[in-house]
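What follows is a single structure, written as structure tokens, with notes after it.
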Amino acid sequence: MFLNVKGCDSFKLAYGYQAPTQMSIKTEDVESFIKLDRGDEYKTGLSIRSGNGTSRSIYITEDFDSFAAKMN
């Protein structure tokens, strides 16, 4: 199943603010997720499996509780 979220790769955010963009992620690729308290619109952090089998971090604007409900 795919989820449409607004977010940004955390690596890109390390170099300064970047506006969130629309993206689709597969629920089966989400390895874990955490609640963020960054003081900006990014509310949930995801660790997702990328194409080559490694993990990468994505920050999304959806609040943690709402995202957790979709994952269950």
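Quick note: this note's numbering has the sequence shown finishing at residue 72, numbered continuously throughout.
Using N, Cα and C, we set each Cβ at its ideal position, and we do this for glycine too.
None of these values were measured; they are calculated from a predicted model.
Lys12, DSSP secondary structure in three states: For the purposes of this step, residue 12 is identified with residue 12 of the sequence shown, where counting begins at 1. Helix at Lys12.
Enclosing alpha helix (DSSP H) for Ser66 [first to last residue]: Working through the sequence shown from its first residue, we reach residue 66 at position 66. Per DSSP, the continuous alpha helix (DSSP H) segment holding Ser66 begins and ends at Phe64 to Met71.
Limits of the unbroken beta strand (DSSP E) element including Tyr59: Here residue 59 refers to the residue found at position 59 of the sequence shown. Note, Tyr59: beta strand (DSSP E), Ser55 to Ile60.
Proximal residues to Glu62 (C-beta, below 7 Å), its chain only, five neighbours per side dropped: The count along the sequence shown starts at 1 and reaches residue 62 at position 62. Excluding sequence neighbours, Glu62 sits near Val5, Lys43 and Thr44.
Exposed unless 16 or more other CB atoms sit within 10 angstroms - verdict on Tyr59: As a working mapping, residue 59 is identified with position 59 in the sequence shown. Counting Cβ neighbours within 10 Å, Tyr59 comes out buried, since at least 16 surround it.
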